[in-house]
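What the first sequence shows, in the numbering used here, is residues 60 to 470, in sequence order. In what follows, a structure is listed as structure tokens, so that the remarks can point back to it.
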Amino acid sequence: MEEIRTRLAPSPTGLLHVGNARAGIFNFLFAKKSGGKFILRIEDTDIERSKPEYEEDAKAAMRWLGLNWDEFYRQSDRKEIYSHHIKKLLENGSAYVSDVIRFKNPGRIVKFYDIIRGNIETDTKDLGDFVIAKDEKTPLYHLAAVIDDFEMKISHIIRGEDHISNTPRQILIQEALRCPTPKYAHLPLILGSDRSKLSKRHGAEALSEYKKLGYLPEAMFNFLALLGWHPEDDREIFTKEELIEQFSLERVQKGGAIFDKRKLDWISREYIKKLDGKDFIEKLKPFIPEEWRNKNLSGAARLFQDRISKLSDFTTEAKFIFELGDYDPALLIWKNASREDTKKRLEKAFELIFSSGDVVAYAKKEGMGEVLWPLRVSLSGLKNSPGPIEIMEVLGKEESLKRIRHAISKL
RNA sequence: GGCCCCAUCGUCUAAUGGUGAGGACAGCGCUCUUUCAAGGCGUAAAUCCGGGUUCGAUUCCCGGUGGGGCCGCCA
């Protein structure tokens, strides 16, 4: 049986975006499911627009996601190969030179079978004699892609729906070159909230932005795999291995899918919650100021592990643990309580904490909100935060008393 | 405009001739509760329209409508 070989072929003219990443994931899953090979090919035939830093970004993004490629190619390294095929096309009359090199279009109806969509038929007549190379050494996209897919023995081309209309052209070239036609599967597009193809104007489209925001790669992988594909059961959380096992092109959706950040956040939270405590702290480190590391990081981490959607949230949400911000004294007052009562209660709480007494028992007697609200605010300086007892455990007695004293002085 | 693709809750989707059209996210409500979050329970919410085919259409066919993609010496 023929080996399954798939590829992701980004052009290094911009940061790798989520559409590329999702296509990469599907190619990867499909290949790995059948023990095949997944190939990364950089399509940099456009030397004007291609930049090495974008190639680096693509590789970094792929590594981050865990999309390990088995083989790597770069089109600019393969000039002789293309040149050989261009000559062949010129010799057998399939192409001709007229300033540039054009493909002699036979203008037939081209049919192909798409694994996701079924039969697709196009009349190539109106495509005309399209340009396939600038000169004998400089192939353009369609030609280079066809030659590479052939040379690299790509068995399945799994790519975005935006390539459907390119396929007939490429099949024509394959025929002229006497190359077999690979199997095709055109994926639905990833859409922005207005249902048009996801792009810069929809906000974050580069994969690196999600890394920067502190989404876990496993969560991103999981989320993207579910965009346009669905397993046989109703599960939503999968490891990479489980996805490899479950994946099939037959279960890929035909319609475009909107990239829903809220669902991403939910999946991300699920992954963060499952993290081992120590691991969570390690992952947090790149997102926090240096000074936080030696303070109450592990306690703060415990407090926020199930309260954040992405690692960068910790930086803003847990900030008060490390430095108490300024706040309005009025915030200390619970509902209809008076300033004086609030002050008295905080003083009492201070004494109890100082002497290791039971604040909760006092709160139960005096009124939970009456005691715990001002206490919590004096510790966090915030309208919303974790509970005061939890915060004190993290802050320690000394710092807690200091903050309560400060609150009292504000009243 | 030409060619092509697509169409189930707001969103991601399940169900490929027979279901009360299922799940998840988001929403809302209740619960918990000092606030927030998390958790538990519950609730609302969809087959684009019109014709066929059939005993029976979300499902098959045709036509509309709507949305999207591609129309470069970019990929």
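Glycine included, every Cβ here is placed at the ideal spot set by N, Cα and C.
Which residues in the same chain as residue 363 place their Cβ atom closer than 7 Å to its Cβ, once the five residues preceding and following it in sequence are excluded? The residues are 373, 376 and 377.
For residue 178, count neighbouring Cβ atoms within 10 angstroms of its own Cβ and tell me buried if that reaches 16, exposed if not. Classified as exposed, residue 178 has fewer than 16 neighbouring CB atoms from the shown chains inside 10 Å of its CB.
Just how far apart, CA to CA, sit residue 299 and residue 265? Straight-line Cα distance between these residues: approximately 21 Å.
Could you give the C-beta distance for residue 473 and residue 305, rounded to a whole number, given that I count them as a contact under 8 Å? Outside the displayed range of the chain (60 to 470) lies residue 473, so it cannot be described from this structure.
Residue 288 - partner residues in DSSP beta bridges: Answer by DSSP bridge pairing, in chain order: 311.
Spatial neighbours of residue 413 within its chain, please: CB distance less than 7 Å, with the 5 preceding and 5 following residues excluded, ordered by chain position. 460, listed in sequence order.
Chain-order list of residues whose beta-carbon lies under 7 Å from that of residue 316 (same chain, five-residue window excluded): So the list reads 247, 249, 250, 286 and 287, once near-sequence residues are dropped.
With distance defined between alpha-carbon atoms, name the residue in 263, 270, 276 and 326 nearest to residue 294. Of the listed residues, the one whose Cα sits closest to residue 294 is 326.
Between which residues of its own chain and residue 82 is the CB-CB distance below 8 Å, once the five residues before and five after are set aside? Scanning its chain for C-beta atoms nearer than 8 Å, with the 5 sequence neighbours on each side dropped, one finds around residue 82 the residues 67, 217, 218, 219 and 246, in chain order.
So, under 8 Å CB-CB, residue 462 and residue 444 are touching, yes? Tell me the CB distance rounded to an integer number of Å. A Cβ-Cβ distance of about 12 Å is found for the pair residue 462 and residue 444, leaving them out of contact under the 8 Å criterion.
Sequence-distant residues of its chain with Cβ nearer than 8 Å to residue 411 (five each side left out): Its chain contains 417, 418 and 421 as the residues whose beta carbon lies nearer than 8 Å to that of residue 411, once the 5 sequence neighbours on both sides are disregarded; these appear in chain order.
Going residue by residue through the segment 343 to 406, where are the continuous alpha helix (DSSP H) segments of at least 4 residues, counting only ones entirely within it? Uninterrupted alpha helix (DSSP H) stretches at least 4 residues long and entirely within the segment 343 to 406 occur at 356 to 363, 370 to 376 and 378 to 381, given in chain order.
My output table needs one value for residue 81: the three-state DSSP class, helix, strand or coil. In this structure, residue 81 counts as helix in the three-state DSSP scheme.
Just checking my contact of residue 138 with residue 196 at CB under 8 Å: how many whole Å lie between their CB atoms? Between residue 138 and residue 196, the beta carbon gap of about 6 Å places them in contact (Cβ cut-off 8 Å).
How close, in whole Å, do the beta carbons of residue 391 and residue 348 come, if the pair is a contact with beta carbons under 8 Å? About 27 Å; that fails the 8 Å criterion.
Please classify residue 260 as buried or exposed, where buried requires at least 16 neighbouring CB atoms within 10 angstroms. For residue 260, the number of other beta carbons within 10 angstroms of its own is below 16, and it is reported as exposed.
Would you say the segment 276 to 285 touches the segment 327 to 342, given that touching needs at least three Cβ pairs under 8 Å? Yes, the segment 276 to 285 touches the segment 327 to 342.
Which partner residues does residue 157 have in the DSSP bridge list? The beta-bridge partner set that DSSP reports for residue 157 consists of 159.
Report the CB separation of residue 464 from residue 409 in whole angstroms; it is logged as a contact under 8 Å. About 7 Å separates the two Cβ atoms, so the contact holds.
Can you check whether the CB of residue 160 is closer than 8 Å to the CB of residue 205? With contacts defined by Cβ atoms closer than 8 Å, residue 205 and residue 160 do not form a contacting pair.
Could you have a look at residue 151 and say whether DSSP puts it in helix, strand or coil? Coil at residue 151, not helix or strand.
Which complete alpha helix (DSSP H) runs does the segment 155 to 221 hold, if anything under 4 residues is left out? Runs of alpha helix (DSSP H) with 4 or more residues, each lying fully within the segment 155 to 221, are found at 200 to 210, listed in chain order.
Quick check on the DSSP output: the alpha helix (DSSP H) that includes residue 270 runs from which residue to which? Run containing residue 270: 266 to 272, per the alpha helix (DSSP H) assignment.
What do you get for residue 254, buried or exposed, if any count of 16 or more other CB atoms within 10 angstroms of its CB means buried? Classification for residue 254: exposed.
Could you check the C-alpha separation between residue 342 and residue 232 for me, to the nearest Å? Across the structure, residue 342 and residue 232 are spaced so that their CA atoms are roughly 49 Å apart.
Whole-number beta carbon distance between residue 174 and residue 244, since they are thought to touch under 8 Å: Sure, about 4 Å apart at Cβ, within 8 Å.
Could you pull the start and end residues of the beta strand (DSSP E) that residue 65 belongs to? Looking at the DSSP string, the run of the beta strand (DSSP E) that includes residue 65 is 64 to 67.
Quick check: the segment 114 to 123 against the segment 149 to 165, are at least 3 beta-carbon pairs closer than 8 Å? As far as the Cβ criterion goes, the segment 149 to 165 does not touch the segment 114 to 123, which means the pair count is below three.
Going by C-alpha to C-alpha distance, which of 71, 95, 446 and 439 sits closest to residue 428? When only C-alpha atoms are compared, the closest one is 446.
Got a sec, what are the start and stop residues for the alpha helix (DSSP H) residue 465 sits in? Per DSSP, the unbroken alpha helix (DSSP H) holding residue 465 starts and ends at 456 to 469.
Residue 328 by DSSP, collapsed to three states: which one? If DSSP states are grouped into helix, strand and coil, residue 328 belongs with the helices.
Evaluate the contact criterion for the segment 99 to 116 versus the segment 62 to 77: three or more CB pairs, one atom per stretch, below 8 Å. Touching, yes.
For residue 183 and residue 168, the rounded distance between their alpha carbons: Roughly 6 Å separates the two Cα atoms.
Determine the contact status of residue 257 and residue 318, defining contact as a CB-CB distance below 8 Å. Yes.
Quick one: what's residue 316 bridged to in DSSP? Its beta-bridge partners are 249.
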